[in-house]
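Right, one structure below, let's go through it.
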Amino acid sequence: MPSEIVRLLAAWRAAEHRWRVVPADDQDVARAELARAWLAYELAAGTYGPEEIVLVADDRGHYVAASPAALECLNLTIDELTGLTIADATPPDSRDALAEQWRRFRSSGAATGMFVLWRRDGRRIPTTYRAVAGMPVPGLNVSRALPAAKSFERELVIEATARALKISLDTIAESRRTILGLRGPAPAKIGGRLPRKPAEITAPLGLRDAG
226 MPSEIVRLLA
236 AWRAAEHRWR
246 VVPADDQDVA
256 RAELARAWLA
266 YELAAGTYGP
276 EEIVLVADDR
286 GHYVAASPAA
296 LECLNLTIDE
306 LTGLTIADAT
316 PPDSRDALAE
326 QWRRFRSSGA
336 ATGMFVLWRR
346 DGRRIPTTYR
356 AVAGMPVPGL
366 NVSRALPAAK
376 SFERELVIEA
386 TARALKISLD
396 TIAESRRTIL
406 GLRGPAPAKI
416 GGRLPRKPAE
426 ITAPLGLRDA
436 G
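Taken in order, the sequence shown gives residues 226 to 436; the numbers are from our numbering.
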């Protein structure tokens, strides 16, 4: 394991330990530090791709950590993002339904679908997302998303790869059938066994080579 990943893993574990032992009044700060340490490790380990919009929010819906792609998408620094809520990244005309959506998500523990991110300059970014509650620890919630265009491109690549794989498998199967056909039919069994070798047939007639 590369030394940088080892360092990030150690930092994550240390942050998790601090979160578990700090007094209740300091839980929010410790949880946010844990979220950032955890996400830094997961990004370095390749769990999330460089284009994935990864956002971590606490149970109140306040953002505490984000991937570089998420910050670029929202045109924010991590300091600017910290403390903003999910409502701040939701288009104003969609905020009325947000509280109920958040309640259902927290109740079910997961959610997938389409979500439009809203930037402070008014730009809207349609995304496809998947979110999990209580991750990496209770009190935190993670969503990973791709811009809708990128998600469509990825689906096309997956579909093309699957099609190419099927063609390859079909070609292998056809080649195997051809090879087996060139070998000719299998020898017919006589009396439940394969025909004897020539030596076995000639031996009783005294024709075996004396050499």
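Backbone N, C-alpha and C fix where the C-beta goes; we use that ideal spot for every residue, glycine too.
Every value quoted in this text rests on a predicted model; they were computed, and no experiment measured them.
#1: Suppose the cutoff is 6 angstroms on Cβ atoms and the five residues either side in sequence are ignored; what does the same chain contact list for T307 look like?
#2: State the Cα-Cα distance for the pair W237 and V367, rounded to the nearest angstrom.
#3: Let me know if V292 comes out buried or exposed under the rule of 16 or more other beta-carbons within 10 Å of its beta-carbon.
#4: Between T352 and I278, is the Cβ-Cβ spacing less than 8 angstroms?
#5: Return helix, strand or coil for T403, following the three-state DSSP convention.
#6: What span of residues does the alpha helix (DSSP H) with W256 cover, start to end?
#7: Which residues in the same chain have their Cβ closer than 7 angstroms to the Cβ of I303, if we skip the five residues on either side of it in sequence?
#8: Can you check whether the CB of A262 is closer than 8 angstroms to the CB of A282?
#9: Can you find the residues in the same chain that come closer than 6 angstroms, C-beta to C-beta, to L259, ignoring five residues on each side of it along the sequence?
#10: Does the distance from the C-beta atom of I311 to that of L299 stay below 8 angstroms?
#11: Which class does P317 belong to by DSSP, given the choice of helix, strand or coil?
#12: With a 10 Å radius around its C-beta and 16 neighbouring C-beta atoms as the bar for buried, classify P361 as buried or exposed.
#13: Using 8 angstroms for Cβ pairs, my map puts R349 next to T337. What's the rounded Cβ distance?
#14: With a 10 Å radius around its C-beta and 16 neighbouring C-beta atoms as the bar for buried, classify L394 as buried or exposed.
#15: By Cβ distance below 8 angstroms, which residues in the same chain neighbour A335 in space, the five residues on each side in sequence not counted?
In short, the structure shows the following:
#1: Non-local C-beta neighbours of T307 in its own chain, meaning closer than 6 angstroms and more than five positions away in sequence, are absent.
#2: One C-alpha to the other measures close to 16 angstroms.
#3: According to the sequence as given, residue 292 is Ser; it is not Val. Sixteen is the threshold: when 16 or more other Cβ atoms of the shown chains lie within 10 Å of the Cβ of S292, as they do, the residue is buried.
#4: The Cβ atoms of T352 and I278 sit closer than 8 angstroms to each other.
#5: Of the three classes helix, strand and coil, the one that applies to T403 here is helix, per DSSP.
#6: Correcting the residue identity first, residue 256 is Arg in this sequence and not Trp. Residue range 252-270 is occupied by the alpha helix (DSSP H) that includes R256.
#7: Hits under 7 angstroms: A291, L296.
#8: The criterion of a C-beta distance shorter than 8 angstroms is not satisfied by A282 and A262.
#9: The beta carbon of L259 lies closer than 6 angstroms to those of A240, E241, W244 in the same chain, with the five residues before and after it left out.
#10: When the beta-carbon positions are compared, I311 and L299 stay at least 8 angstroms from each other.
#11: Reduced to three states, the DSSP call for P317 is helix.
#12: With 16 or more Cβ atoms within 10 Å of its Cβ, P361 is classed as buried.
#13: Cβ atoms of R349 and T337 stay farther apart than 8 angstroms, at about 20 angstroms.
#14: The residue in question, L394, is exposed, as its Cβ has fewer than 16 Cβ neighbours within 10 Å.
#15: Once the five neighbours on either side are set aside, the close Cβ partners of A335 are R355, A356, V357, A358.
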